[in-house]
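First comes the structure, then the notes that go with it.
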Amino acid sequence: MKKTEEKLTEFGESIIKQLEKGRDPYIKITQRSLGNVKYDDVKGFLVMGNKYSKRYYFNIAHTRKFMQTLLIASYCRQLISENKHAGIRELYYALKHTLEGTKKENTFEDQDESNPIIEDLELSLNVLREELNLTADRRGYIYGDIVIKDGEDQFNCSKLGRGGWAVPGNVEEIEFKRVNAKYILVVETAAMADRLIEEKFAQKNKALIVACQGQAPRGVRRLIKRIRKEAKLPVLVFTDGDPYGWYIYSTIKQGSINLAYLSKRLSVP
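Here you go:
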């Protein structure tokens, strides 16, 4: 994480340099909107355009978000330097407080304010949220004949009971020691995945079953991407035949508008 810490340091130093030159300091933010996202026919997924905006400290419309951005950047740098991790919910509570000299002005009113700022930092610094030592709650699991090494632990995901292995938000540091499967089957609901496991579908068809439990969280999408790339396995997606099911499929395949800047790392075209 040294590289990420260096990026955060450079980010802070750039603000200081602007202040030293007597300028109104600003942060350059790529616009995460529909108008700045396009589908790349060659790559097969959504990509960000080149439109950006500047967040100025002395612009009253920008000041609050400017402050929030620096608070989160500083908190993440501290986490990395201390080799600690925090959940995105924990970050919100750790940084929420009433500003000195005011009666009701808080740094953050709810988590809907802090989450987009984290995504802004990811995009501005070209890092993953997980590289900022931030995590989200586990959702989704994988079951099948794949041996994973996670830290000092090594296990086969078909030997952990019918619940498989709960996928963490950060899968960057795990290793795939052995993959004995022909394809990955991504299933929308945990109930259907449980039924397939009960019917021994994974063993009979040499498949890895991944339950995404609705819209696939980032950890699950990144896991699918890594197995697809490193083990060269095809990916099949099993959802309900309704618009929401098609949306889940399209997000896994080509990415989403909000996270188009991560399509290269998350999508499976």
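To get my numbering, take the position in the sequence shown, counting from 1, and add 10.
Backbone N, C-alpha and C define an ideal beta-carbon position, used for all residues, glycine too.
Just so it is clear, the structure is predicted and the values come from calculations on it, not from any experiment.
Cα-Cα separation, residue i to residue j
i	j	result
Val-177	Val-220	9 Å
Gly-111	Phe-68	19 Å
Leu-105	Leu-81	7 Å
Tyr-66	Pro-35	6 Å
Lys-64	Glu-132	16 Å
Glu-92	Asn-143	10 Å
Asp-204	Phe-21	46 Å
Asn-215	Ile-127	43 Å
Asp-252	Cys-222	16 Å
Residue i classed as buried or exposed, judged by whether at least 16 other C-beta atoms fall within 10 angstroms
i	result
His-107	exposed
Asn-180	buried
Gln-264	buried
Tyr-62	exposed
Lys-17	buried
Val-52	exposed
Ile-26	exposed
Arg-232	buried
Leu-246	exposed
Arg-33	exposed
Ala-71	exposed
Ser-24	exposed
Tyr-85	buried
Residue interval of the alpha helix (DSSP H) (run including residue i)
i	result
Ala-221	Counting along the chain, Ala-221 falls outside any alpha helix (DSSP H), though it belongs to the beta strand (DSSP E) covering 217–221.
Lys-12	12–30
Leu-243	Looking at the DSSP string, Leu-243 is not in any alpha helix (DSSP H), and its letter there is neither H nor E.
Arg-74	73–91
Arg-188	No alpha helix (DSSP H) holds Arg-188; the beta strand (DSSP E) holding it covers 185–189.
Asp-130	121–135
Thr-261	253–264
Leu-276	273–276
Contact check, residue i vs residue j, beta carbons under 8 Å
i	j	result
Ile-152	Gly-174	yes
Lys-235	Arg-275	yes
Leu-56	Ala-270	yes
Leu-19	Arg-87	Note that residue 19 corresponds to Thr in the displayed sequence, not to Leu. It is a contact, given that the beta carbons lie within the stated cut-off.
Gly-255	Gly-150	no
Ala-212	Gly-154	yes
Ile-156	Ala-191	yes
Asp-250	Glu-198	yes
Thr-282	Val-137	Lying before the first or after the last residue shown, residue 282 is absent from the chain, which here runs from 11 to 279.
Val-47	Ile-267	yes
Phe-118	Ile-158	no
Segment limits, beta strand (DSSP E) that includes residue i
i	result
Asp-163	163–166
Glu-209	From DSSP, Glu-209 is part of no beta strand (DSSP E); its letter is neither H nor E.
Arg-65	62–66
Ile-152	151–153
Leu-195	193–197
Cβ distance (whole Å) where residue i is taken to contact residue j below 8 Å
i	j	result
Ile-98	Asn-125	6 Å
Ile-237	Leu-206	Actually they do not touch by this definition, with Cβ atoms about 18 Å apart.
Asp-130	Thr-79	6 Å
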